[in-house]
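*Asks:* Residue numbers (my numbering), protein chains in the order written: chain F, 1 to 233; chain G, 1001 to 1429. Even for Gly, the Cβ is constructed at its ideal location relative to N, Cα and C. The structure under discussion is supplied below as structure tokens; questions concerning it will follow.
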Ligand SMILES: Nc1ncnc2c1ncn2[C@@H]1O[C@H](COP(=O)(O)OP(=O)(O)OP(=O)(O)O)[C@@H](O)[C@H]1O
Ligand SMILES: [Mg+2]
């Protein structure tokens, strides 16, 4: 489903003419198959988020290829990436990234609005989604009226509402207590088992890594050889 | 599917505008003032043009073209029968009226009343198609039937015996109904005062009252068929029978007037038509109005700085929100559209109130300015429209306001579209 080959990426810092480039992703290759839960682990600053940003199309690699659904994303325009994301990806962010001026309902509805779905059709699927994430009583709450776990549930709802084929998650439980974290993990596992949704998620946490089918370890921008395909189950 | 429904875009824009009511209000207010200033300023051009046009057309009808003569090889010739016939064949000409003044002193007698008048010989059969309309009666059919001007009645006096009238003193006016009365018309020689011609006429029609109160028409209009008879006894030169003193061509409207005037000139006729005057005036006012609109547009442009500022702030404020939407896969086009929509709204709402206010200001100015002028100049009544707002001015002003508003939203919209997802989400590096 996702095939990454020889990926390189460097950040450039400093003013023009006096730039230094910091290589962050170095010759990274890996694969994610349909229906898998894959965890990316590694120390802080090892390049995990950068890797996910490359896969999301937020930044483009200096070299190497990213193939998603056998499609080479090389040379995708911003607009093509946007359409690709909206059609196939669901995103769960560490800090939820809900829009504060929208209710839980509206936040979940947002991707459908962006897709151009009719209001009537949206109504039903958002209501069903609220039920599924256990927030059917909280549809009219604004993000600041919800707990961290509830907010993360809303963001999961938003990620799932478009029926994505793959969900990219950057530390989905990073700022939650362990009990809430377990609830979220159970939900994700259930989605994976029942609907065959593929997960690619970054985590610090060995508890989270445990639910993964496979774990990829990043070390200073390199896929650690022994870490690749390191089985946890 | 990758394009937001227009209604959803609209709802989002509405929501965003409501979020910062005061700022949006101030920006709309600036646009309103700019637009109102533009309209009110330009309305002076439109108003004065209308007033001057009206005054001009008071002197001459826009459906009449006066033909003085014909230019043949640089020489001026009066109009002949053939000329009139050829003019009559021009497309859109509804009628050609020829007039000849009867030389000599024309005395009219109705019972004991007597008066001095002017007698015109005219082709009354084509009067229906000219602007010579009657207030009463009909057009003459026989040569002993005539039409009199609306004010003819006032030329008839009852003589006061043999006593000479003192200066400024008059006898009693005729006060009865003129229609179907028989009058005796005598034409006397200027010098000898001997009666050269005498005929009884029946008054079958009375002309319409002139729209201009300073213009009196006490003439009598007789059929042109009498021309030969009268001119012969008056001992006028033979060639006068072949030419006309006065020829006017009649058309239906100003467009026809313009076209027929042009054609007459091509045929070498010496023409006076109001359309030429109007053309010159229109060119002047076109330049004048364009100047006023230009100055007014400066106010709109100043207001647009506010819009630019508001939109830039809106983009900055909403950076995170835009970042999220882009991260999820929003079409960059939709994001641009929504910001352009917002600035266009400010323009639309601003110009709506601008138009409203300028109508009020214009209405008030047309009442107040004449009052002030009347008291300052101590004149009786000033009947001039100073400010007029025709629909085209409204359209121009709205187009400028909305256009400028959208233009000033362009950069902020582009800025919003190019927001970097990662920077906007403030994700930890
Ligand atoms: N915008 C940036 N400009 C310059 N350098 C950056 C930028 N973002 C990240 N980096 C550098 O790239 C490296 C990898 O960062 P990245 O965010 O991918 O790490 P991470 O593995 O996600 O860390 P964490 O677990 O703390 O989230 C770091 O050394 C960081 O300093
Ligand atoms: Mg990270």
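Of the residues G/1257, G/1330 and G/1232, which one's Cα is nearest the Cα of residue 1102 of chain G?
*Replies:* Here residue 1102 of chain G refers to the residue found at position 102 when the second chain is read from its first residue. Among G/1257, G/1330 and G/1232, the Cα nearest to that of residue 1102 of chain G is on G/1232.
*Asks:* In whole angstroms, what is the alpha-carbon distance linking residue 1403 of chain G and residue 1337 of chain G?
*Replies:* Within the second chain, residue 1403 of chain G is the residue found at index 403, counting from 1. Within the second chain, residue 1337 of chain G is the residue found at index 337, counting from 1. Whole-angstrom Cα-Cα distance: 15 angstroms.
*Asks:* Given 7 angstroms as the limit, tell me if residue 205 of chain F has its C-beta closer than that to any heavy atom belonging to ligand 2.
*Replies:* Here residue 205 of chain F refers to the residue found at position 205 when the first chain is read from its first residue. The answer is no for residue 205 of chain F.
*Asks:* Is any heavy atom of ligand 1 found at a distance shorter than 7 angstroms from the C-beta of residue 173 of chain F?
*Replies:* Here residue 173 of chain F refers to the residue found at position 173 of the first chain. Checking the Cβ of residue 173 of chain F against ligand 1 gives no.
*Asks:* Under 8 angstroms by Cβ, that's how I've got residue 221 of chain F and residue 23 of chain F pegged, so tell me the actual separation to the nearest angstrom.
*Replies:* Here residue 221 of chain F refers to the residue found at position 221 when the first chain is read from its first residue. Here residue 23 of chain F refers to the residue found at position 23 when the first chain is read from its first residue. About 6 angstroms; that satisfies the 8 angstroms criterion.
*Asks:* Nearest to residue 1236 of chain G by CA position, among G/1196, G/1310 and G/1209, is which residue?
*Replies:* Numbered from its first residue, the second chain carries residue 1236 of chain G at position 236. It is G/1196 whose Cα lies nearest to the Cα of residue 1236 of chain G.
*Asks:* Note down, in chain order, all residues in the segment 34-65 of chain F with a beta-carbon under 8 angstroms from any beta-carbon belonging to chain G.
*Replies:* Within the segment 34-65 of chain F, the residues whose Cβ lies closer than 8 angstroms to some Cβ of chain G are 49, 53, 56, 58 and 59, listed in chain order.
*Asks:* Restricting to Cα atoms, I'd like to know which of G/1151, G/1189 and G/1226 is closest to residue 1174 of chain G.
*Replies:* By one-based count along the second chain, residue 1174 of chain G stands at place 174. When only C-alpha atoms are compared, the closest one is G/1151.
*Asks:* May I ask you to list, following chain order, the residues of the segment 65-84 of chain F that have a beta carbon less than 9 angstroms from some beta carbon of chain G?
*Replies:* Per Cβ criterion, the list reads 78, 79, 81, 82, 83 and 84.
*Asks:* At the level of alpha carbons, what is the spacing between residue 1032 of chain G and residue 1396 of chain G?
*Replies:* Position 32 of the second chain, counting from 1, holds the residue named residue 1032 of chain G. Position 396 of the second chain, counting from 1, holds the residue named residue 1396 of chain G. If you take the alpha carbons of residue 1032 of chain G and residue 1396 of chain G, they lie about 15 angstroms apart.
*Asks:* How would you list, in chain order, the residues of chain F whose beta-carbon sits under 7 angstroms from the beta-carbon of residue 1004 of chain G?
*Replies:* As a position in the second chain, residue 1004 of chain G is number 4, starting the count at 1. What residue 1004 of chain G touches in chain F: 113, 114 and 116.
*Asks:* To which residues of the same chain is residue 1322 of chain G closer than 7 angstroms at the C-beta, ignoring the five residues directly before and after it?
*Replies:* On the second chain, residue 1322 of chain G is found 322 positions in, with the first residue counted as 1. Cβ within range, chain order: 1335, 1416, 1419 and 1424.
*Asks:* Which residue wins for smallest C-alpha separation from residue 128 of chain F, given the options F/113, F/165, F/109 and F/118?
*Replies:* Position 128 of the first chain holds residue 128 of chain F. Nearest option by C-alpha distance: F/109.
*Asks:* Go to residue 219 of chain F, then tell me how far its beta strand (DSSP E) extends in each direction, as first and last residue.
*Replies:* By 1-based counting over the first chain, the position of residue 219 of chain F is 219. First-last of the beta strand (DSSP E) with residue 219 of chain F: 214-219.
*Asks:* Give a yes or no on whether the minimum CB-CB distance between residue 1422 of chain G and chain F is below 8 angstroms.
*Replies:* As a working note, residue 1422 of chain G is residue 422 in the second chain. Closer than 8 angstroms: yes.
*Asks:* Is there a C-beta anywhere in chain F that falls below 8 angstroms from the one on residue 1412 of chain G?
*Replies:* Looking up residue 1412 of chain G in the second chain gives position 412. With 8 angstroms as the cut-off, residue 1412 of chain G does not count as an interface residue toward chain F.
*Asks:* Secondary structure at residue 141 of chain F, three-state DSSP: helix, strand or coil?
*Replies:* As a first step, residue 141 of chain F must be located in the first chain, where it is residue number 141. Three-state DSSP puts residue 141 of chain F in coil, outside helix and strand.
*Asks:* What does residue 1326 of chain G touch in chain F if you count any residue whose Cβ is under 8 angstroms from its own?
*Replies:* On the second chain, position 326 is the one that residue 1326 of chain G refers to. The contacting residues are 82.
*Asks:* Going along chain F in order, which residues have a C-beta closer than 7 angstroms to the C-beta of residue 1347 of chain G?
*Replies:* The residue given as residue 1347 of chain G occupies position 347 in the second chain. Going along chain F, no residue has its Cβ under 7 angstroms from residue 1347 of chain G, so there is no contact; the nearest lies around 24 angstroms.
*Asks:* Give the secondary structure of residue 1359 of chain G by DSSP, where H, G and I count as helix, E and B as strand, and everything else as coil.
*Replies:* Walking along the second chain from the start, residue 1359 of chain G turns up at place 359. The answer is helix: DSSP assigns residue 1359 of chain G an H, G or I state.
*Asks:* Assuming the contact rule is C-beta atoms closer than 8 angstroms, residue 2 of chain F and residue 68 of chain F should be a hit. Round their C-beta distance to whole Å, please.
*Replies:* Looking up residue 2 of chain F in the first chain gives position 2. Looking up residue 68 of chain F in the first chain gives position 68. That pair is a contact at about 5 angstroms.
*Asks:* Check whether the segment 61-78 of chain F touches the segment 99-118 of chain F, counting contact only when three or more Cβ pairs, one atom from each stretch, lie closer than 8 angstroms.
*Replies:* Touching, no.
*Asks:* Determine which residues share a DSSP beta bridge with residue 1250 of chain G and list them.
*Replies:* As a position in the second chain, residue 1250 of chain G is number 250, starting the count at 1. G/1064 and G/1095.
*Asks:* I need the DSSP call for residue 1317 of chain G, collapsed to helix, strand or coil.
*Replies:* Counting from 1 along the second chain, the entry for residue 1317 of chain G is found at position 317. Residue 1317 of chain G: helix per DSSP, three-state reduction.
*Asks:* Should residue 1330 of chain G be flagged as near chain F, meaning a C-beta pair shorter than 8 angstroms?
*Replies:* Residue mapping note: residue 1330 of chain G aligns to position 330 of the second chain, counting from 1. True, the Cβ-Cβ gap to chain F drops below 8 angstroms.
*Asks:* One question on the structure: do residue 1296 of chain G and residue 1038 of chain G come within less than 8 angstroms of each other, judged by their Cβ atoms?
*Replies:* For the purposes of this step, residue 1296 of chain G is identified with residue 296 of the second chain, where counting begins at 1. For the purposes of this step, residue 1038 of chain G is identified with residue 38 of the second chain, where counting begins at 1. Yes.
*Asks:* Should residue 1396 of chain G be listed as close to ligand 1, given that the test is whether its C-beta is under 7 angstroms from any heavy atom?
*Replies:* Here residue 1396 of chain G refers to the residue found at position 396 when the second chain is read from its first residue. Because no heavy atom of ligand 1 lies under 7 angstroms away, the Cβ of residue 1396 of chain G does not count as near it: no.
*Asks:* Assuming contact is defined by CB atoms lying nearer than 8 angstroms, are residue 1387 of chain G and residue 1044 of chain G in contact in what I supplied?
*Replies:* As a first step, residue 1387 of chain G must be located in the second chain, where it is residue number 387. As a first step, residue 1044 of chain G must be located in the second chain, where it is residue number 44. Yes, the pair counts as a contact, with Cβ atoms nearer than the cut-off.
*Asks:* Per DSSP, which one or two residues make a beta bridge with residue 154 of chain F?
*Replies:* Position 154 of the first chain holds residue 154 of chain F. Its beta-bridge partners do not exist; DSSP assigns none.
*Asks:* Determine whether the Cβ of residue 1019 of chain G lies closer than 8 angstroms to any Cβ atom of chain F.
*Replies:* Residue numbering aside, residue 1019 of chain G sits at position 19 when the second chain is read from its first letter. Yes, residue 1019 of chain G lies at the interface with chain F (some Cβ there is under 8 angstroms from its Cβ).
*Asks:* Which value, in whole angstroms, describes the spacing of the CA atoms of residue 1199 of chain G and residue 1095 of chain G?
*Replies:* Taking the second chain and counting its residues from 1, the one referred to as residue 1199 of chain G is at position 199. Taking the second chain and counting its residues from 1, the one referred to as residue 1095 of chain G is at position 95. Roughly 28 angstroms separates the two Cα atoms.
*Asks:* Just to confirm, does residue 50 of chain F get its C-beta within under 7 angstroms of one of the non-hydrogen atoms of ligand 1?
*Replies:* Counting from 1 along the first chain, the entry for residue 50 of chain F is found at position 50. The answer is yes for residue 50 of chain F.
*Asks:* Using a Cβ cut-off of 8 angstroms (strictly closer), state whether residue 1048 of chain G contacts chain F.
*Replies:* The sequence position of residue 1048 of chain G within the second chain is 48, counting from 1. Closer than 8 angstroms: no.
*Asks:* Is the distance from the Cβ of residue 1257 of chain G to the Cβ of residue 1089 of chain G below 8 angstroms?
*Replies:* Here residue 1257 of chain G refers to the residue found at position 257 when the second chain is read from its first residue. Here residue 1089 of chain G refers to the residue found at position 89 when the second chain is read from its first residue. Their beta carbons are not under 8 angstroms apart, which means residue 1257 of chain G does not touch residue 1089 of chain G by this criterion.
*Asks:* Tell me where the alpha helix (DSSP H) around residue 1401 of chain G begins and ends.
*Replies:* For the purposes of this step, residue 1401 of chain G is taken as the residue at position 401 of the second chain. Residues 1391-1417.
*Asks:* Using a C-beta cutoff of 8 angstroms, does residue 217 of chain F count as contacting chain G?
*Replies:* Numbered from 1 along the first chain, position 217 holds the residue referred to as residue 217 of chain F. No, residue 217 of chain F lies away from the interface with chain G (no Cβ there is under 8 angstroms from its Cβ).
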